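First comes the structure, then the notes that go with it.
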Amino acid sequence: MRVYQVRQSVTGTILWTGSATDPLGALDAMAHEAGYYDHSDIPEHLRAGGLHVEEIRG
69 MRVYQVRQSV TGTILWTGSA TDPLGALDAM AHEAGYYDHS DIPEHLRAGG
119 LHVEEIRG
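Residue numbering for the sequence shown follows our numbering, beginning at 69 and increasing consecutively.
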């Protein structure tokens, strides 16, 4: 697995860092850890302005 970081694009705030198989998996893992079913359930106020997923190196 690879390590990804999810940021809120406008503010640059790091929302999640962890292992996932791909960028969509990273969004799903972030959402699940926050108590949502998957990335489609992430509240609009967090998605407004975009979410940026980046693979990071450890």
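Built from N, CA and C at the ideal position, the CB exists for glycine as well. This one's a predicted model, so the numbers in the text were calculated from it and none came from an experiment.
- When DSSP states are grouped into helix, strand and coil, A88 belongs to the strand group.
- Contact between P91 and Y72 is confirmed by a C-beta separation of about 6 Å, below the 8 Å threshold.
- Rounded to the nearest whole angstrom, the C-alpha separation of D109 and A99 is 7 Å.
- Per the C-alpha coordinates, the member of E101, D96 and A88 positioned closest to E123 is A88.
- Residue burial annotation: H107 is buried, with at least 16 other C-beta atoms found within 10 angstroms of its C-beta.
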